[in-house]
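So the sequence shown is numbered by UniProt numbering: it starts at 1 and just counts up by one.
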Amino acid sequence: MNVIRTFEDYQHHYQKSIEHPENFWSDVAHGFTWRKKWDKVLEWDFNKPSVKWFIGGKLNITENCLDRHLTNHANRTAIIWEPNNPDEDARHITYQQLFEEVCKTANMLKAQGVKKGDRVCIYLPMIPELAYAVLACARIGAVHSVVFAGFSAKSIADRINDAGCNVVVTSDGAYRGDKTINLKKIIDEAVQHCPSVSKVIVKEYIKSGAPLTPGRDVWWHDEIAKVSADCPAEEMDAEDLLFILYTSGSTGKPKGMVHTCGGYMVYTNYTFRTTFQYQEGQVYWCTADIGWVTGHSYILYGPLSAGATTVMFEGVPSWPNPGRFWQVIDRHKVNIFYTAPTAIRSLQQAPLEFVEKYDLSSLRVLGSVGEPINEEAWHWYDKNIGKGQCAIVDTWWQTETGGFMIAPIARVTPLKPAYATLPLPGVQPAVMNEGGLEVNGNNVEGRLTIKFPWPGMARTIYGDHQRFKDTYFSTFPGKYFTGDGCKRDEDGYYRITGRVDDIIIVSGHNLGTAEIESAVDEHPLVTETAVVGYPHDIKGQAVYAFVICYEKPKDEEKLRGEIRDTVSRIIGPIAKPDKIQFVSGLPKTRSGKIMRRILRKVAEGDVSNLGDTTTLLDPAVVDEIKAGAL
Ligand code: ATP
Ligand code: MG
């Protein structure tokens, strides 16, 4: 049941999911442990907006991620933890061990005063305790708000205050490649501005000698020693809050997306099993950080609810050398590997020896997420990592959607490079034109919306339902607006062309940033590109490209000419960049996405106010770019 193995199966399931969505999702939901089954599958109104799934259903997501696997698979590895330092041993945590650790952590949180419905901020590196803390919150019905352990004190304080967290879980530090980061110091600075926080639980990890604030801070190891490993799961309503997660902030003030227990569980599990075609016993690795939605849905909840073995990697792709990812795949015989285009593009710049040293023959499926993957990177990934033998799944989705929306099903959906391909069962995309009308048929482009609810969708923005409505349900009344532009080609395949706010209109033609960037990247000397529009007297807007090359160009003018020719050939002369600036880096968010709004300011020659840059990975690149502006 619910299993897709062929393209005909997909078409059949898709049809069923559109004609009878409630039957479709109710069938899927029967595959879980519920304390009480739902009374009604769905109630929705996109105008309010209000969406509820599995109404009246009672469950605890951790019983589905942990308890139910203990009967038959207690000794199966749930998490393979690969440390930052490759010379240290990996840890294999079985489902039984994970269950016990989660129960103890849950009891520790309770002992520190955490109750059902309370918000807990988790600011931890990618160590097993991060998984324990997240699942422990879910076990006792507390709402977790994980903040990526790379954010500044100000960003954390904003997020803690927005969610009104009473407890923070952190560590005395983190390893990141050859660096250490004193997380506790950052938390101390943040919490000064957070009146709601009464307790800080500190995992001793790097032994940084971090001081504890008496009355507020406690050591994880002291407190966990005092509690039992018996923690019955709290009974949750399907629509109770599971977590709050802030979007990565590529476009402005981050939004605290609210996800609920029942629908999110069903959706992440279904999309994980279906898209990756996960088979029992396989080893799966998603390289994201649990601080992002990708880590929530596809390191923890999706894989664990499916009884999978999921790799959790503490380190970074470039340290101690750019072969690290490939070494980890070899070491753990990874079958399904899921990463981001930003990582692929950066590793692509290293000599191929770093790949060739390792045995990657265990790989079956390669995934991509976070940004549109340009064709060059797609082919590199396919050829050098997949050896032409793996399915490439380019998964389009968002923090707001909870799980995959448009993605190929591995070995089932015929692939097209740079296309996210087709909607998953239950997902009903609609392409809208600027006039607000749906454009039907194929060979069309416009704004991507979704016209019917799916179980994994966010229910609101925490504390600001009006903003939720304004952002997602007002542009095209009655539809969920994704903020992304897309093309639907002659086969009905979707290609994401970038964020709508980033679309460049040259002489009346809409040009997607992703498409132009992909074309520039086709030049053999180019590794990565970001394009933005800037005002132009005649054309309305013109294209400004920021280009990173494998090596410093010898003759910049000549290379500019070649790049323009490449773009002309692939898209057409209309898309040719007027200005091409060679740079050594691009302003990226901590999740690796380009902040085009900063580049737009540079292109417009207005660098006095760049807006909020606190979520930038490396603020120094901005200075270089400003200095070299054309
Ligand atoms: P913010 O909403 O705060 O600006 P963000 O949109 O970067 O941040 P996420 O929810 O992490 O936060 O990212 C979702 C966005 O990432 C999508 O809307 C899309 O623009 C882009 N994206 C993700 N996956 C893909 C993909 N496979 N292809 C194309 N674009 C993708
Ligand atoms: Mg977004």
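For each residue, glycine too, the CB sits at the ideal point set by N, CA and C.
Limits of the alpha helix (DSSP H) - the one that residue i falls within
i	result
methionine 257	That residue, methionine 257, is in no alpha helix (DSSP H); its beta strand (DSSP E) goes 256-260.
glutamate 43	Segment 40-45 is the beta strand (DSSP E) holding glutamate 43; no alpha helix (DSSP H) there.
histidine 465	465-472
cysteine 137	128-140
serine 228	It is not in any alpha helix (DSSP H) - serine 228 carries neither H nor E in the DSSP assignment.
isoleucine 18	7-19
arginine 596	596-604
valine 621	620-627
With 16 other Cβ atoms within 10 Å as the buried cut-off, status of residue i
i	result
valine 120	buried
valine 583	buried
glycine 463	exposed
asparagine 440	exposed
threonine 213	exposed
proline 351	exposed
asparagine 107	buried
alanine 157	buried
leucine 241	buried
proline 408	buried
valine 3	exposed
arginine 597	buried
proline 195	exposed
glutamate 223	buried
glutamine 541	buried
alanine 225	exposed
glutamine 277	buried
leucine 630	exposed
serine 608	exposed
arginine 216	exposed
glycine 117	exposed
glycine 572	exposed
arginine 35	exposed
aspartate 230	exposed
According to DSSP, residues forming a beta bridge with residue i
i	result
glutamine 581	Phe546
arginine 569	Bridge partners of arginine 569: none, in fact.
phenylalanine 99	The partner list for phenylalanine 99 (beta bridge, DSSP) is empty, contrary to what the question assumes.
glutamate 445	Lys487
methionine 432	Glu438 and Arg447
leucine 511	Ile504
glycine 498	Gly485
glycine 540	Val506 and His536
leucine 59	Met236
tryptophan 81	Arg91 and Met312
isoleucine 244	Ser145 and Val258
valine 51	Trp44
tyrosine 480	Ile450
threonine 616	Per the sequence presented here, residue 616 reads as leucine, with threonine not at that position. Thr589.
threonine 421	Tyr494
isoleucine 461	Met257
lysine 558	Answer is none; lysine 558 lacks a bridge partner.
Contact under 9 Å by Cβ, residue i with residue j
i	j	result
methionine 126	phenylalanine 272	no
tyrosine 544	glycine 533	yes
glycine 403	tyrosine 267	yes
histidine 92	threonine 77	yes
serine 362	asparagine 335	yes
glycine 281	threonine 309	yes
alanine 530	isoleucine 594	yes
histidine 144	phenylalanine 46	no
valine 567	isoleucine 548	no
isoleucine 206	glycine 177	no
aspartate 394	proline 372	yes
glutamate 129	lysine 203	yes
glycine 485	leucine 448	yes
isoleucine 187	valine 167	no
For residue i, the first and last residue of its enclosing beta strand (DSSP E)
i	result
histidine 92	91-94
arginine 68	Careful: arginine 68 lies outside any beta strand (DSSP E), inside the alpha helix (DSSP H) at 68-73.
valine 146	143-146
aspartate 217	217-219
proline 535	526-536
isoleucine 122	119-123
Item to check | Contained alpha helix (DSSP H) runs [length at least 4] in the segment 346-415, N- to C-terminal order | outcome: Counting whole runs of 4 or more residues, the segment 346-415 contains the alpha helix (DSSP H) stretches 353-356 and 375-380.
Checklist entry - Taking the runs of the beta strand (DSSP E) that are 3 residues or longer, which of them lie wholly in the segment 152-207? => result 167-171, 174-176, 179-181 and 199-203
Checklist entry - What runs of the alpha helix (DSSP H), each 4 residues or longer, lie entirely inside the segment 284-345? => result 302-305 and 324-332
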